[in-house]
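Residue numbers (our numbering), protein chains in the order written: chain A, -1 to 297; chain B, 10 to 337.
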Amino acid sequence: MSVEAQFAQPRPGNTVLTGNTAPLGNTAPHQRPHMTEASKPASPQLPPLKAHAKKLSFFYGTHQALHAIDLPLVDMHVTALIGPSGCGKSTFLRCFNRIHDLYPNTRYDGEIILYPSAANIISRDVDPIEMRMRIGMVFQKPNPFPKSIFENVAYGLRLKGIRNATELKDRVETALKSTAIWEEVKNRLNKSAYDLSGGQQQRLCIARAVAAEPEMLLMDEPCSALDPIASGKIEDLIRELRKKYAVLIVTHNMQQASRASDYTAFMYMGKLVEFGATTDIFTNPKSKETEDYVTGRFG
Amino acid sequence: MDSAAPVAVSAMPQGNQGPKANHGSTPREDQIAALVKRRNASNAVAGGIMFAAAASSVAITCGIVAMLTLESLPFFREVNLWDFLTDTMWAPLFAAPRYGILPLIAGTFVTTLVALAIALPIGTIIAVYLSEFAPHTVREVIKPATELLSAVPTIVFGYFALQVVTPALQTFIPDLPTFNMLSAGIVMGIMIIPYVSSLSEDALRAVPMLLREGSYGMGASRMQTAFKVVIPSAISGLAAAYILGISRAIGETMIVAVAAGMQPNLTLDPRQPAETITAYIVQVSLGDVEHGTVAFHSIFAAGATLFVLTLGLNVFGHYLRKRYRKAY
Ligand SMILES: Nc1ncnc2c1ncn2[C@@H]1O[C@H](COP(=O)(O)OP(=O)(O)OP(=O)(O)O)[C@@H](O)[C@H]1O
Ligand SMILES: [Mg+2]
């Protein structure tokens, strides 16, 4: 089924698509320079997609945590995932880089198509290591490795086989600059990453993900362990990052979702309830549950 | 101590049933005060018992130190400390006795080194395999099997060294004597493997999944994650496991007494027979050395030396743990 068809037809189940899709292009003022053949919008109303989850279900043993989720991720935009605790946001996000493969008795069903190559991320034939190199992830709690600040950022580069010292140095510096932490760490690159504050560690982890130049960035509540100032910095960072990547972010903070994202998906009990432009989800939600949730009346 | 629990349970419903704002909060406050008082009392009792338990271990250590010191004093009245530490011969039962501890230290050192060369690499590999690679079902089999090794009495290991390992080694090293440190050390290493692997595995497992996910999430393989992230994170726990292994090797008695020969021998060649500090202590204790003689008191001097060696090692281990402690 083409992307156009997906959006033109009423969706199955109780998923509601908010508003008409025409204004979506207008809500994204910035340019998208790297448009390739395959990722060109299939419909004039829709920006090109980076990935598309199609009928994605996920099982922990016999417990089904995701129920046939259909969710497009627009390239070079931020998509926020919101929903009450336990609704499956982390489970969904973690499907994208096959982290679930690390645990026994887990099962995927359906597809996650990654554009432009149109590979199915969760297919058995796809190498999860390759997918993880192409899709970066930032975790809820900062998780720097027991290494120096420099080596933390260089980790993904070394995994990709880059040995050249000058290239490593340049790319580490670029990544640290792009995550606005360079000034704070440039004189202590060889010190342990554990000496940094929590907020700095989280920006370091983002730099670590960014340094590997992924095609897409996953963030699972990246600010939940941080104070408002540190999370403000990370929000600024996310707005910068979307110039280069598609970003999928889980957040419990409605202000953050409305400030930092272009699209919002509301999940409830393992199902996608509503997806649309963030402004629509927050001002004009179609579903009663979404409205209750974003206005804080959910119970 | 038990009285605290029923009070807590019965007090709560009463407090909740009582009228709230109307009567003021005095009865409720009294109840809480009584509760806190009982809690504090039971805490004090429990604290006292735990303190006594902790203090008794300190007291026993002090007692051992005092005994070693008192009993080795008569020895050091006869034998000059300098001679004890530098003389190259240990022959306390000769007509003209010589009391140089160096041959015993050398024997202990060489057997320990051989044992560690076996136990640390193999123990670590088993631990890394069990914690990072093995599927759940395989781990369920291998882990108890390795731990079974530590249930084998050391005297059995001693005869295993003498009857099996030494003849096997003699096919490679034809002029290997029947009693030699190599065979004793190898078997001692096998005996220590489960201690090292089990503690190392605990240390590796204690590394949070979040760190592993971070590494796998970057596209690392299992091998890369294990060696670049998990092992460096667990370094202080691994150091503790190794130190325990070293202490076990230094303190091991039966295997070396049976398989290494009881001949004090100042050499670093593992193919030679030799005697360790511990083997000397059993040799004299089991023999018919008269109480009160210098030879008898020499076992306490040897014991004190062993104590200082292992104490030094533990202090070093403590320093390592502090130095590499990571807040993950
Ligand atoms: N390892 C697991 N094994 C079994 N069930 C799990 C596991 N992890 C999560 N679940 C279940 O899957 C469902 C979704 O969990 P998930 O962690 O994705 O929720 P979430 O939306 O991220 O919640 P939160 O906002 O609290 O992080 C929950 O019902 C949870 O109990
Ligand atoms: Mg979550």
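Where a beta carbon is used, it is the ideal one built from N, C-alpha and C, also for glycine.
Along the region 126 to 181 of chain B, the alpha helix (DSSP H) occurs as fully enclosed runs of 4 or more residues at 145 to 158, 163 to 169 and 175 to 181, listed in sequence order.
In chain order, ARG201, ILE204, ALA205, VAL208 and LEU235 place their CB closer than 7 Å to the CB of THR177 (chain A), counting only its own chain and leaving out the 5 sequence neighbours on each side. For TYR225 (chain B), the chain A residues whose Cβ falls inside 8 Å of its Cβ are ILE97, LEU100 and ARG130, in order along the chain. Judged by the Cβ position, TYR58 (chain A) qualifies as a neighbour of ligand 1 at the 7 Å threshold, a heavy atom of the ligand being closer than this. SER55 (chain A) has A:ASP107 as its beta-bridge partners, per DSSP.
Of the other Cβ atoms in all chains shown, fewer than 16 fall within 10 Å of the Cβ of HIS145 (chain B); this residue is therefore exposed.
Judged by DSSP secondary structure, TYR251 (chain B) falls within the alpha helix (DSSP H) whose first and last residues are 244 to 260. In this structure, DSSP gives GLY230 (chain A) a helical state, which the three-state scheme calls helix. Counting only residues of its own chain and dropping the five nearest sequence neighbours on each side, ASN118 (chain A) has a CB closer than 7 Å to the CB of GLU109, ILE110, ILE111 and VAL124.
For GLN62 (chain A), the uninterrupted beta strand (DSSP E) segment begins and ends at 61 to 72. Excluding the 5 residues flanking it on each side, PHE148 (chain A) has same chain C-beta neighbours closer than 7 Å at VAL170, LEU187 and ASN188, in chain order. Closer than 8 Å to the CB of VAL238 (chain B) there is at least one CB belonging to chain A. The CB of GLY246 (chain B) never comes closer than 8 Å to any CB in chain A; the least such distance is about 12 Å. Residue-level contact check: PHE273 (chain A) does not touch chain B, since none of the beta carbons of chain B fall below 8 Å from its beta carbon. Residues lining ligand 2 by the Cβ criterion, that is a Cβ closer than 7 Å to any of its heavy atoms, are A:LYS87, A:SER88, A:GLN138, A:ASP218, A:GLU219 and A:VAL248 in chain order.
Put simply, the region 158 to 169 of chain A does not touch the region 246 to 255 of chain B. Fewer than three CB pairs are less than 8 Å apart.
For GLU284 (chain B), the three-state secondary structure derived from DSSP is coil. Assignment of ALA78 (chain A) by DSSP, reduced to helix, strand and coil, places it in the strand class. Sequence-distant partners of ARG240 (chain A) (beyond 5 residues in either direction) whose C-beta falls short of 7 Å from its own C-beta, in its chain, are MET74, HIS75 and VAL76. ILE133 (chain A) sits in a strand when the DSSP states are folded into three classes. In this structure, the beta-carbon distance from ALA136 (chain B) to LEU213 (chain B) falls below 8 Å. Here TYR266 (chain A) is bridged, per DSSP, to A:LYS269.
A distance criterion of 7 Å places the beta-carbon of ALA63 (chain A) in contact range of ligand 1, judged by its closest non-hydrogen atom. Sequence-distant partners of MET135 (chain A) (beyond 5 residues in either direction) whose C-beta falls short of 6 Å from its own C-beta, in its chain, are ASN95 and LEU216. ARG332 (chain B) and GLY326 (chain B) have their C-alpha atoms spaced approximately 10 Å apart. Within a 10 Å sphere around the beta-carbon of VAL151 (chain A) sit 16 or more other beta-carbons, which makes this residue buried. Distance from the C-beta of HIS250 (chain A) to the nearest heavy atom of ligand 1 is below 7 Å. In this model, LYS48 (chain A) and TYR261 (chain A) are separated by some 13 Å (Cα to Cα).
Residues of chain A with a Cβ closer than 8 Å to the Cβ of HIS306 (chain B) do not exist; the shortest Cβ-Cβ separation is about 50 Å. The beta-carbon distance between LEU111 (chain B) and TYR289 (chain B), rounded to whole angstroms, is 13 Å. This is too long to meet the 8 Å contact definition. The region 67 to 79 of chain B makes no contact with the region 269 to 287 of chain B, as fewer than three CB pairs between them are under 8 Å. For GLY81 (chain A), not one C-beta of chain B is nearer than 8 Å to its own C-beta. Put simply, the CB of GLY86 (chain A) is far from chain B, with every gap to its CB atoms at 8 Å or more. Straight-line spacing of the CA atoms in THR262 (chain B) and LEU129 (chain B) works out to 19 Å. If you check the CB distance, GLY167 (chain B) and VAL267 (chain B) come in under 8 Å. Counting C-beta pairs closer than 8 Å gives three or more between the region 268 to 279 of chain A and the region 49 to 66 of chain A, which meets the contact rule.
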